[in-house]
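Notes for the one structure printed next.
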Amino acid sequence: MDLRKERTTLDPVLSNDALIMPCKGILKACAMSLPVLSEISTVMEFDFSKPISPCFGKVQVEFTEPGICHGFVLWIDWVMDIDNSIVLSTGPDKRYWKQGIKLLAKPVTVGIHGSSRGNISAEIEASFNPSNGEIDIKYAFT
4 MDLRKERTTL
14 DPVLSNDALI
24 MPCKGILKAC
34 AMSLPVLSEI
44 STVMEFDFSK
54 PISPCFGKVQ
64 VEFTEPGICH
74 GFVLWIDWVM
84 DIDNSIVLST
94 GPDKRYWKQG
104 IKLLAKPVTV
114 GIHGSSRGNI
124 SAEIEASFNP
134 SNGEIDIKYA
144 FT
């Protein structure tokens, strides 16, 4: 979804102090295989109570299970109020939503902290460019 165009299209009909729902979007990620290889991590937050601007986020994802990582699942949790009490998640545990998937060019063997097998974490970086509505995802294993 091109968030900038959505906001720009509505600007002429909204008052200057109008608040567009949701209040915020939180881009989340976890390393996937079957089973899940890591806990869920917040990569980046979008604050919709302010004018849309470029965003950047970075997170270190620690693997909690050994296995073969084929990619990362990405989704957004939509926070619908200022108190963060109403959240609409599009995460992988919700069967009726679709998630984004960043597949690796080659599967990577991963291990857990203290093991001698594979990488024990991955750094995920995300950047949002409001001029074209694209989110760029980069990763590096350690």
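Note that this note's numbering has the sequence shown beginning at 4, numbered continuously upward. Glycine residues also receive a C-beta, built at the ideal position from the N, C-alpha and C atoms.
- Contact between G117 and F66 does not hold, since their C-beta atoms are separated by about 11 Å, which reaches or exceeds 8 Å.
- The beta strand (DSSP E) runs lying completely inside the segment 106-144 and spanning 3 residues or more are 124-132 and 137-144, given in chain order.
- Sequence-distant Cβ neighbours of T45 in its own chain, meaning closer than 7 Å and more than five residues away, are I29, K31 and V62.
- Around the beta carbon of D96, fewer than 16 other beta carbons lie within 10 angstroms, which makes this residue exposed.
- Looking from the CA of D50, the closest CA among W78, V82, S124 and S41 belongs to V82.
- A check of alpha carbon separations from L91 across G70, Q102 and I79 identifies I79 as the nearest.
- When the beta-carbon positions are compared, C58 and P110 stay at least 8 Å from each other.
- In this structure G74 touches I104 by the C-beta definition: roughly 5 Å separates them, less than 8 Å.
- For S134, the closest C-alpha among the options M47, S56 and P38 is that of S56.
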